[in-house]
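Before any comments, here is the structure.
Residue numbers (our numbering): 1 to 172.
Given below as structure tokens:
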């Protein structure tokens, strides 16, 4: 079955000539995150991702053991939730203050879960759509002035050069 890992365990008995074969199925991280997405349960998905980064038991089947690879799978699974969350927040209140609040949230979550891609790739389009790129860029550059945390894309840099407003980008 897709999204499941199967393990077969054979139990032999010293007293009986019979062997039992057990099939254990574990639902993978990607299947769990998909279920949370179908239920639109952001908090459940976020908690799953936090447990997965901490390598807690049932949250990790199907994830790579390498922390950086695990972070990429987690980021890929969480990004649709983040897109919905940021769009909803900016739809409700499209102000510089709200944009900065959401950017700070994304930066904090990126640090916690070691997510280095989506904020500077997927989030750029959302903040651009709401006309909030200068507020977004201000906080990203303040957090990562040496450009060493996030994996910046050509699209991000082009957007920054075109939409930085009054923000000084000479040190970036």
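We treat Cβ as the ideally placed atom computed from N, Cα and C, and that holds for glycine.
Looking only at its own chain, which residues have a Cβ that is under 6 Å from the Cβ of residue i, when we skip the five neighbours before and after it?
| i | result |
| --- | --- |
| residue 205 | No answer is possible for residue 205: it lies beyond the span of the chain, which begins at 1 and ends at 172. |
| residue 144 | 150 |
| residue 2 | Reliability of the predicted coordinates at residue 2 is poor, the pLDDT of 41 falling under 50, and no value is obtained from them. |
| residue 79 | 118 and 122 |
| residue 163 | 133 |
| residue 44 | 36 |
Roughly how far, in whole angstroms, is the beta-carbon of residue i from the beta-carbon of residue j, given that I think they are within contact range, below 8 Å?
| i | j | result |
| --- | --- | --- |
| residue 141 | residue 53 | Contact flag wrong, Cβ pair sits at about 26 Å. |
| residue 30 | residue 62 | 6 Å |
| residue 90 | residue 98 | 6 Å |
| residue 167 | residue 130 | Not confirmed; about 17 Å, so no contact. |
What are the boundary residues of the alpha helix (DSSP H) that residue i is part of?
| i | result |
| --- | --- |
| residue 138 | 133 to 143 |
| residue 169 | Segment: none, residue 169 is in no alpha helix (DSSP H) and carries neither H nor E. |
| residue 129 | 118 to 129 |
| residue 36 | 29 to 39 |
| residue 108 | 96 to 113 |
| residue 42 | 42 to 53 |
| residue 151 | Where residue 151 is concerned, there is no enclosing alpha helix (DSSP H), given that its DSSP letter is neither H nor E. |
| residue 60 | First-last for residue 60: undefined, no H or E at that position. |
| residue 56 | Careful: residue 56 lies outside any alpha helix (DSSP H) and carries neither H nor E. |
| residue 68 | 67 to 92 |
With 16 as the cutoff for other CB atoms within 10 Å, does residue i come out buried or exposed?
| i | result |
| --- | --- |
| residue 169 | exposed |
| residue 32 | buried |
| residue 179 | Outside the displayed range of the chain (1 to 172) lies residue 179, so it cannot be described from this structure. |
| residue 95 | exposed |
| residue 115 | buried |
| residue 68 | exposed |
| residue 161 | exposed |
| residue 77 | buried |
| residue 55 | exposed |
I'd like the list of long-range same chain contacts for residue i, defined as Cβ closer than 8 Å, with 5 residues on each side in sequence excluded.
| i | result |
| --- | --- |
| residue 135 | 96, 99, 100, 103 and 127 |
| residue 71 | 53, 113, 114, 115 and 116 |
| residue 82 | 106, 109, 118, 122 and 123 |
| residue 4 | Note on residue 4: pLDDT 45, under 50, position unreliable in the model; the coordinate value appears next. Excluding residues within five positions, the ones whose Cβ falls inside 8 Å are 25, 26, 27, 28 and 31. |
Exercise for review: Report yes or no: do the stretch 100 to 112 and the stretch 62 to 73 share at least 3 C-beta pairs separated by less than 8 Å?
Suggested key: Result no; under three Cβ-Cβ pairs closer than 8 Å.
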